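Protein chains: 2
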Amino acid sequence: MRAAVMYGAGDVRIEDRPDPEIQQPTDAVVRVVLSCVCGSDLWPYKSMPATGTGRPMGHEFLGVVEETASAVSGVAAGDLVVAPFTYCDNTCDYCARGLHISCRNGGRYGFAGVDGGQGEAVRVPQADGTLVKLPVDADSPLLPSLLTLSDVMGTGHHGAVTAGVERGDSVLVIGDGAVGLCAVIAAKRLGAERIVLMGRHTARTDLGREFGATDVVAERGEEGIARVRELAGGDGVARVIEAVGTLETLQTALASVVDGGTISRLGVPQYEEGPVGASMIMRNITLTGGASPARAYIEELMPDVLDGVIAPGRVFDRTFTLDQAPDAYRAMADRQVLKALITP
Amino acid sequence: MRAAVMYGAGDVRIEDRPDPEIQQPTDAVVRVVLSCVCGSDLWPYKSMPATGTGRPMGHEFLGVVEETASAVSGVAAGDLVVAPFTYCDNTCDYCARGLHISCRNGGRYGFAGVDGGQGEAVRVPQADGTLVKLPVDADSPLLPSLLTLSDVMGTGHHGAVTAGVERGDSVLVIGDGAVGLCAVIAAKRLGAERIVLMGRHTARTDLGREFGATDVVAERGEEGIARVRELAGGDGVARVIEAVGTLETLQTALASVVDGGTISRLGVPQYEEGPVGASMIMRNITLTGGASPARAYIEELMPDVLDGVIAPGRVFDRTFTLDQAPDAYRAMADRQVLKALITP
């Protein structure tokens, strides 16, 4: 089969790889119908050291089950399914408390002999726990929005949930990438009254307004902080969703949150140390969030996608074929494209 | 009046200062019956640069109201009252949501012309919001425990509340100082089933066991972490209360908490930067806590003190007169004394 493999920064290639085969009794093989490029794929695309072996890419996909192993009973050949961005058994104690990202039998696509999602097919470990059936046909116009349940929409929702967003709240979303925009959807869905979106790409912030942002702050740094605090009445915002992951955006979050407020981080931190000293303690700031247990949220979010209440698939602004995946990476890295959809 | 004043590291003096007088219509003057030395007083005692003017010390006290200004109606001359460690109006929006530490009209004792608690009397700003009447006589044996409501017991409780301690939980308390020990009391009071106390001063950890600690870990660093994880069944503890404030104890907390768990920090951080990078995100660790809104908790905790359900006053292991306050600092800094009670 053909699949996207990264060999180092800027070096994504489409190549022939062995067709996935059942290896474990809990496996399924899924023929990919739609996949996409994640913002987090751009970090290795910018910085991965060159390697001779390469790493299969992609962790967001939906497709049709082709084959299931002996212990799989929840899905069957022919089912259209979506996969969360890590696989999981959905039964261990971590999964039981909704932390599927830490599943005892879970893992990541593209590592340890598991295929990536940007390819023609994927061997999915822990298929019963991982895969969720989609009650639509493979040509449904809802597929892009259903694909976001594999990661970005579940991640934005995780940000809103862990930030503690409740009806009537004021929320700041830092970052107008696909995760930030999905966090806007999630905050609105949970009843936030005021949603300030920080970002400076007009096309993206315009989409953010359509998703529910009530205010857009294009300024960064001190100016941006001053503008957010002004919008929040001077004291800062109760709930901040930080969807970028740089030290600067963490500092912006800390300076924009009200005393006693909560910052939920979604972006993979591009720093090891952060300013969590006395000021954070005196102000009772909570730092929470993390990698989303996307699997935990699929059943909750799917009905709203099916009913058209939310349309997170609008974050996909260009479609590439699998052979064009290298172009998709380049276009996203150059910010020509917000989020690239990939068809086999 | 006589009062304790710090002029620099290791330099606490008892000196004559002007008797407190009403300055604002919301003031009261309180004659101190009991005060004490806080663990946080030891940081300036170790590191404060020498100064010519000095800083009145102490922020934990109870006493008898001597005089009230025109706008004060909640307390009257003769009332025995306890004061939380910062004053507050108890009516602003921060106080209304329980964050009295950030009160719009609040402040700290010993700063900006406000007396410290380690003296014969204190002018208390925002007396109606700050002072809470004690339904006992001034010679009650409960006074030391009631005094802890001004800070340490309210701080330990804040740790347990923000860590999210619930019935049946496993909790790790890092630090066997007075705050750590009060956190043990608070965790038990909220129903924690297993309470692991990390500390290596046997007299203190013994008291911790009497307060409710089910296990004591005397080891530090890697050894201590391994022991805690072993006690927790290998994965770490769901709730950690960090009651020391060094980078090492934060690292211990991060290494001891289970994925998805919560660390509440109570100790004043002796660091500006902490390790809050990718690992914390991948593990969904929440960092919370902060300076306690002690005023918020007095009404909730006082009945349990009055009923003898909790006896946090047992953290006081030696009594000094005000004139001996310099000895009290020395004894606490040398770890001869856990927490020093001061009588005028």
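Chains A and B are the protein sequences, given in the same order.
For the first sequence, the numbering used here gives the first residue as 706, with consecutive numbering after it.
For the second sequence, the numbering used here gives the first residue as 706, with consecutive numbering after it.
A virtual CB, placed ideally from N, CA and C, is assigned to each residue, including glycine.
All of these numbers come straight from a predicted model, not from anything done at the bench.
Checklist entry - In chain A, what lies closer than 7 Å to B/A996 by C-beta? => result I986, M987 and N989
Checklist entry - Any idea what DSSP makes of A/V1014, helix, strand or coil? => result coil
Checklist entry - Cβ of B/A948 within 9 Å of Cβ of B/G966? => result no
Next on the checklist: DSSP three-state label for B/K838, please.
Outcome noted: strand
Item to check | Beta carbon of B/M711 nearer than 9 Å to that of B/E825 | outcome: no
Checklist entry - Secondary structure at A/Y976, three-state DSSP: helix, strand or coil? => result coil
Checklist entry - Nearest CA to the CA of A/A931: which residue from A/T910, A/Q956 and A/V837? => result A/Q956
Item to check | Backbone CA spacing between B/E771 and B/F816 [nearest angstrom] | outcome: 22 Å
Checklist entry - If you follow the beta strand (DSSP E) that A/G768 is part of, which residue opens it and which one closes it? => result F766 to T773
Item to check | Close-in-space but distant-in-sequence residues of the same chain around A/L912 (CB under 7 Å, 5 per side omitted) | outcome: L886 and R1019
Next on the checklist: Quick check: the Cα distance between B/P1049 and B/Y1002, rounded to an integer number of angstroms?
Outcome noted: 27 Å
Item to check | Continuous alpha helix (DSSP H) assignments of at least 4 residues falling wholly in the region 877–938 of chain B | outcome: 883–894, 907–916 and 926–936
Checklist entry - For B/E871, which three-state DSSP category applies? => result coil
Checklist entry - Looking at the C-beta of A/D874, does it have a partner C-beta in chain B at a distance below 9 Å? => result no
Next on the checklist: Using a Cβ-Cβ distance cut-off of 9 Å, determine whether B/L936 contacts chain A.
Outcome noted: no
Checklist entry - Which residues does DSSP pair with A/R1023 in a beta bridge? => result A/A1045
Checklist entry - Taking the continuous beta strand (DSSP E) assigned at B/T1051, which residues delimit it? => result One cannot answer for residue 1051 of chain B here, as it falls past the ends of chain B, which runs 706 to 1049.
Item to check | N-terminal and C-terminal residue of the beta strand (DSSP E) that B/C741 is part of | outcome: A733 to C741
Checklist entry - According to the neighbour-count rule (16 or more other Cβ atoms, all chains shown, within 10 Å of its Cβ), is A/K1044 buried or exposed? => result buried
Checklist entry - The beta strand (DSSP E) with B/R828 in it runs from where to where? => result A826 to V829
Checklist entry - Is there contact between the region 776–796 of chain A and the region 991–1010 of chain A, where contact requires at least three CB pairs shorter than 8 Å? => result yes
Item to check | Contacts around A/H906, its chain only, beta-carbon distance under 6 Å, and the 5 residues preceding and following it disregarded | outcome: D881
Item to check | 6 Å Cβ shell around B/A1036 - same chain, five flanking residues per side excluded | outcome: V1042
Next on the checklist: Am I right that B/V921 and B/T910 are in contact with their C-beta atoms under 8 Å? What's the rounded C-beta distance?
Outcome noted: 4 Å
Item to check | Contact with chain B by A/R802, beta-carbon distance below 9 Å | outcome: yes
Checklist entry - Do the CB positions of B/M1050 and B/V870 come within less than 9 Å of each other? => result Only positions 706 to 1049 of chain B appear in this structure, which leaves residue 1050 of chain B out of reach.
Checklist entry - Where does the unbroken alpha helix (DSSP H) through A/M987 begin, and where does it stop? => result A983 to M987
Next on the checklist: List, in chain order, every chain B residue whose beta-carbon is nearer than 7 Å to that of A/A883.
Outcome noted: Near A/A883 there are no residues of chain B at all, since even the closest Cβ is about 18 Å away, more than 7 Å.
Checklist entry - Just how far apart, CA to CA, sit B/E927 and B/A960? => result 9 Å
Checklist entry - Should A/S778 be flagged as near chain B, meaning a C-beta pair shorter than 9 Å? => result no
Checklist entry - Applying a beta-carbon distance threshold of less than 7 Å, which residues of chain A neighbour B/E924? => result None at all; the shortest Cβ gap to chain A is about 25 Å.
Checklist entry - Are any of the Cβ atoms in chain B nearer than 9 Å to that of A/P980? => result yes
Next on the checklist: Strictly under 9 Å for the Cβ-Cβ distance: is A/S855 near chain B by that measure?
Outcome noted: no
Item to check | B/A774 and B/I727 closer than 9 Å at C-beta | outcome: yes
Checklist entry - Opposite B/Y792 in the DSSP bridges: which residues? => result B/G812
Item to check | Beta-carbon proximity of A/V981 to B/V981, cut-off 9 Å | outcome: yes
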